[in-house]
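Visitor:
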Amino acid sequence: MSTFLGKGYVDGVVEAVEVFFAESFKGTKPSNMPRHSRKRGKQVKKRGISKEQVYIATAIDRQGNLIMELACKGRITSNELETLYDGHMASGSILCTDSHKSYIQFANDLSLEHKRIKRGKHKEGLYHIQHINAFHSNLKKWMNRFNGIATKYISNYIKWFKWLQIFDTDKEIIKAKNFMVQSNVTHSYIKIKDLKNREPMYV
């Protein structure tokens, strides 16, 4: 599925905002845990954004083109943003973001026009981040259905959700057929033991 979807490409007016999920070691044996388990429903211990949270980078343009990748733990840097989006965001795009400072340097490095939507505001003239905020709301609702997802598997769920958005208007029978075909574009061999012991796949 990841091979079929690729990373994606956005152009024109692009909304780019992050969404965070608490790092999860669900399914890991207690003896292999890097930290004590959190009780169900408990939040991360550190206030604000910390290394206990994973960063899902998301960018959507006004045509509905989408980039969504597991990027890093904690706050992303301008260099990491450039690694993620360079070659996948058209030159001359107008970048709409929240007030996160890393986007300032990133936009300068790629010579993008940058519209920062200040906290508490919904838009700046014609520019806003309402589409991507609504997208993140739907993503969180969808993720909550699974009652917690191990971080090492979250990339797979992200691709699954991205696929659902792309083929949202297709009939269910067509979706099922396409999913089977597109998820088998390439062959990969992996042992169950290796799958269980995998590390999160950051960009």
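Our numbering puts the sequence shown at residues 8 to 210. For each residue, glycine too, the CB sits at the ideal point set by N, CA and C.
1. Ordered along the chain, which non-local residues of its own chain (more than five positions away) have a Cβ less than 7 Å from that of S31?
2. Which word fits S100, buried or exposed, when buried means at least 16 other C-beta atoms lie within 10 angstroms of its C-beta?
3. Could you tell me the boundaries of the alpha helix (DSSP H) in which A29 lies?
4. Looking at C-alpha atoms only, which residue of D18, A141, I173 and F174 is the closest neighbour of G94?
5. Would you report the Cα separation of S118 and F174, rounded to the nearest angstrom?
6. Have a look at N163 and N115 and give me their C-alpha separation to the nearest angstrom.
7. Could you have a look at K130 and say whether DSSP puts it in helix, strand or coil?
8. State the beta-bridge partners of D116 as determined by DSSP.
9. Report buried or exposed for T10, applying the criterion of at least 16 other Cβ atoms within 10 angstroms of its Cβ.
10. DSSP three-state call for I161: helix, strand or coil?
11. Mind checking which residues open and close the alpha helix (DSSP H) that includes M150?
Guide: Here's the rundown:
1. The residue given as residue 31 occupies position 24 in the sequence shown. For S31, the CB contacts under 7 Å within the same chain, skipping 5 residues up- and downstream, are G155, I156, A157 and T158 in chain order.
2. Reading the sequence shown from its first residue, position 93 is the one you call residue 100. S100 counts as buried, since no fewer than 16 other beta carbons sit within 10 angstroms of its beta carbon.
3. Taking the sequence shown and counting its residues from 1, the one referred to as residue 29 is at position 22. That residue, A29, is in no alpha helix (DSSP H); its beta strand (DSSP E) goes V20 to A29.
4. By one-based count along the sequence shown, residue 94 stands at place 87. Scanning D18, A141, I173 and F174 for the CA closest to the CA of G94 turns up D18.
5. Here residue 118 refers to the residue found at position 111 when the sequence shown is read from its first residue. Here residue 174 refers to the residue found at position 167 when the sequence shown is read from its first residue. So the alpha carbons of these two residues sit roughly 33 Å apart.
6. The residue given as residue 163 occupies position 156 in the sequence shown. The residue given as residue 115 occupies position 108 in the sequence shown. Looking at the two C-alpha atoms, the distance is approximately 32 Å.
7. Taking the first residue of the sequence shown as 1, we reach residue 130 at position 123. Strand.
8. Taking the first residue of the sequence shown as 1, we reach residue 116 at position 109. DSSP, once it has assigned bridges, lists no residue as partnering D116.
9. Your numbering for residue 10 matches position 3 in the sequence shown. By the neighbour-count rule (16 or more Cβ atoms within 10 Å), T10 is not buried but exposed.
10. Walking along the sequence shown from the start, residue 161 turns up at place 154. Reduced to three states, the DSSP call for I161 is helix.
11. For the purposes of this step, residue 150 is identified with residue 143 of the sequence shown, where counting begins at 1. Q137 to N151 is the extent of the alpha helix (DSSP H) around M150.
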